[in-house]
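Below is one structure, written out as structure tokens, with a few remarks after it.
Protein chains: 2
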Amino acid sequence: MSDKIKIEIHIALIHYPVYNKVGEVITSSVTTLDIHDISRIARTYAVSSFCVVTPLKTQRQLVGRLIEHWMTGYGAEYNPTRKEALLVTRVMNSLTETVLDLTEKYGKRPTIVATCAKKFPTSVGFQDLREEIRSGGPILLVFGTGWGLEKSILKEADYVLDPVEGVGEYNHLPVRAAIAIILDRLIAR
Amino acid sequence: MSDKIKIEIHIALIHYPVYNKVGEVITSSVTTLDIHDISRIARTYAVSSFCVVTPLKTQRQLVGRLIEHWMTGYGAEYNPTRKEALLVTRVMNSLTETVLDLTEKYGKRPTIVATCAKKFPTSVGFQDLREEIRSGGPILLVFGTGWGLEKSILKEADYVLDPVEGVGEYNHLPVRAAIAIILDRLIAR
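Just so you know, the sequences run in chain order E and S.
With numbering that gives the first Met the number 0, you'll find the first sequence wraps up at 188, consecutive numbering, no jumps.
With numbering that gives the first Met the number 0, you'll find the second sequence wraps up at 188, consecutive numbering, no jumps.
In structure tokens form, the structure reads like this:
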């Protein structure tokens, strides 16, 4: 990892509470491909940790087994770049637990930045957040699976980040792609 | 789609000829998730077409069936945003066929831009390509699956685009993530 820029960014991928397509609050299933893709993306941008957040014990165990396979099992030999990516990947029970863990690590609460496909009057722009990141940190970027983060998370966050806008009205990016674009906008030189 | 910027960008996702992890030239398998993710990303950035390129007839049929399911089958009703994404998705036999098809459509050959995780002395930067795109087009961005595009494609392309660099030495982004970041850098305002 380069130490040219000292950035302390953490990512949380939330599986509860999120919405389903009809607006109900649900616990979404962990997608193993998300774990691999987002781990690689996080590693590319030197993210400090990628937390997979789900209250379901069996799902946390699934992620734990996946990480173990690629870290120490046959997978570590078969695909070393996947192993390296998973070095920053962790499993958490809730967003609250994630925030407490980071607060303990740094001795102060991280700045919580929720992401959303919609824009709010209070949304923060990419350039402003880029500057905030460089002025200190740590920052916890929070992403929702399913049809997005439940509104209590948006309310409790310190900021909601502007949505990724492409060209035109279509804004249904996979969360994997949104994370890649957002990290590139916030971190890449 | 917005018509604020008239951009004619096409994407080709190449399954042959690409390298495997030991450097052999192979035909990689189509990943259905690539189709969905890249279609959504392409639609977000108003890409004119996303061509899935494979010489294997059974794989082309698989992609054709997948598109049909989501365009006209039960899927179209179940998930309309997926349907909308697939509007720009097509299947092609080879890169040559893709280039000929676009040449026929526009009455001139598209500018072919290959992508690669390595930098070459002749690589073109993102800012330069952004300007080229705005000055005309059409552009065909070529992405490799597996361990990347076989060198003949890099040689024959008009340009090879600079690699996506994050922070540090790790550069093993999934092709899905690379496409998202590259389109954002080239097209987003």
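In this text, a Cβ means the ideal position worked out from N, Cα and C, and glycines have one as well.
Item to check | Unbroken stretches of the beta strand (DSSP E), 3 residues or longer, contained in the region 57-113 of chain S | outcome: The region 57-113 of chain S contains these whole beta strand (DSSP E) runs: 88-91.
Item to check | Extent of the continuous alpha helix (DSSP H) run through H35 (chain S) | outcome: Residues 31-43.
Checklist entry - What residue range is occupied by the uninterrupted beta strand (DSSP E) comprising F49 (chain S)? => result Per DSSP, F49 (chain S) belongs to the beta strand (DSSP E) from 48-52.
Next on the checklist: So for F142 (chain S), helix, strand or coil by DSSP?
Outcome noted: Strand, per DSSP.
Checklist entry - Whose C-alpha, out of S:E168, S:R175, S:A179, is nearest the C-alpha of L32 (chain S)? => result Distances from the CA of L32 (chain S) to each of S:E168, S:R175, S:A179 were compared; the closest alpha carbon is that of S:R175.
Next on the checklist: For Q58 (chain E) and H35 (chain E), I'd like the C-alpha separation in whole angstroms.
Outcome noted: Going by the C-alpha atoms only, they are around 15 Å apart.
Checklist entry - Just how far apart, CA to CA, sit V98 (chain S) and P109 (chain S)? => result Each residue's alpha carbon lies about 7 Å from the other.
Next on the checklist: Here's a check: name, in chain order, each residue in its chain whose Cβ is nearer than 8 Å to the Cβ of G63 (chain S), leaving out the five neighbours to either side.
Outcome noted: The beta carbon of G63 (chain S) lies closer than 8 Å to those of V90 in the same chain, with the five residues before and after it left out.
Item to check | Interface residues of the region 138-169 of chain S facing chain E [CB-CB below 9 Å] | outcome: Answer set for the region 138-169 of chain S: V163, E164, G165, V166, G167, E168, Y169.
Checklist entry - So, are the CB atoms of I178 (chain S) and A45 (chain S) less than 9 Å apart? => result For I178 (chain S) and A45 (chain S), no; Cβs fall outside 9 Å.
Next on the checklist: So, does the region 105-119 of chain E touch the region 73-84 of chain E, judging by three or more C-beta pairs under 8 Å?
Outcome noted: No contact exists between the region 105-119 of chain E and the region 73-84 of chain E.
Checklist entry - When DSSP labels each residue in this structure, what does V21 (chain E) get in the three-state scheme? => result Three-state DSSP puts V21 (chain E) in coil, outside helix and strand.
Next on the checklist: Do H9 (chain E) and I138 (chain E) have their beta-carbon atoms positioned less than 9 Å apart in this structure?
Outcome noted: Taking 9 Å as the Cβ cut-off, I138 (chain E) and H9 (chain E) qualify as a contacting pair.
Checklist entry - In chain E, what lies closer than 8 Å to T80 (chain S) by C-beta? => result Residues of chain E passing the Cβ test: Y169, H171.
Checklist entry - Rounded to a whole number of angstroms, what is the C-alpha to C-alpha distance between L101 (chain S) and T144 (chain E)? => result Rounded to whole angstroms, the separation of the alpha carbons of T144 (chain E) and L101 (chain S) is 37 Å.
Checklist entry - Quick one: does D183 (chain E) have its CB under 9 Å from some CB of chain S? => result It does: the Cβ of D183 (chain E) has a partner Cβ on chain S nearer than 9 Å.
Item to check | Coil, strand or helix - K3 (chain E) by DSSP | outcome: Since pLDDT at K3 (chain E) reaches only 48, below the 50 mark, its modelled position is unreliable, and the value read off the structure follows with that caveat. Of the three classes helix, strand and coil, the one that applies to K3 (chain E) here is coil, per DSSP.
Checklist entry - If contact means a Cβ-Cβ distance below 7 Å, which residues of the region 29-51 of chain E contact chain S? => result Cβ proximity to chain S below 7 Å picks out L32, D36, R39, I40, R42, T43, Y44, A45 from the region 29-51 of chain E.
Next on the checklist: Quick check on the burial criterion: 16 or more other C-beta atoms within 10 angstroms. Buried or exposed for K82 (chain E)?
Outcome noted: With 16 or more other Cβ atoms within 10 Å, it is buried.
Checklist entry - Going by beta carbon distance, what residues of the same chain come within less than 8 Å of S28 (chain S), once the five residues before and after it are set aside? => result Its chain contains H14, Q58 as the residues whose beta carbon lies nearer than 8 Å to that of S28 (chain S), once the 5 sequence neighbours on both sides are disregarded; these appear in chain order.
Checklist entry - Hey, does A75 (chain E) have any beta-carbon neighbour from chain S nearer than 9 Å? => result No, its Cβ sits nowhere closer than 9 Å to a Cβ of chain S.
Next on the checklist: Against chain E, does A177 (chain S) count as a neighbour if the rule is that its beta carbon must be under 9 Å from one of theirs?
Outcome noted: By this cut-off, A177 (chain S) is an interface position.
Next on the checklist: Tell me the DSSP secondary structure of L12 (chain S) in three-state form.
Outcome noted: Note: L12 (chain S) maps to strand in three-state DSSP.
Checklist entry - In chain order, what residues of the region 82-97 of chain S put their CB closer than 9 Å to some CB of chain E? => result Those residues of the region 82-97 of chain S that come within reach of chain E (Cβ to Cβ, closer than 9 Å) are E83, A84.
Checklist entry - Do you know whose CA, among E:A84, E:N92, E:L148, lies nearest T53 (chain E)'s CA? => result Looking at the Cα atoms, E:N92 is the closest of the given residues.
Checklist entry - Can you list the residues of chain E that A187 (chain S) reaches, using a CB-CB cut of under 9 Å? => result Within chain E, the residues near A187 (chain S) are V163, E164, G165, V166, I180, R184.
Checklist entry - Where in the region 142-169 of chain E do unbroken runs of the beta strand (DSSP E), each at least 3 residues long, occur, reported from the N-terminal end onward? => result Entirely contained in the region 142-169 of chain E, the beta strand (DSSP E) runs reaching 3 residues are, in chain order, 158-160.
Next on the checklist: Please tell me whether K118 (chain S) has its Cβ less than 9 Å away from any Cβ of chain E.
Outcome noted: Chain E, which has no Cβ nearer than 9 Å to the Cβ of K118 (chain S), makes this no.
Checklist entry - Between the beta-carbon of A187 (chain S) and the beta-carbon of V166 (chain E), is there less than 9 Å? => result Yes.
Checklist entry - Is the Cβ-Cβ distance between R184 (chain E) and R133 (chain E) less than 9 Å? => result At a Cβ-Cβ threshold of 9 Å, R184 (chain E) and R133 (chain E) do not count as neighbours.
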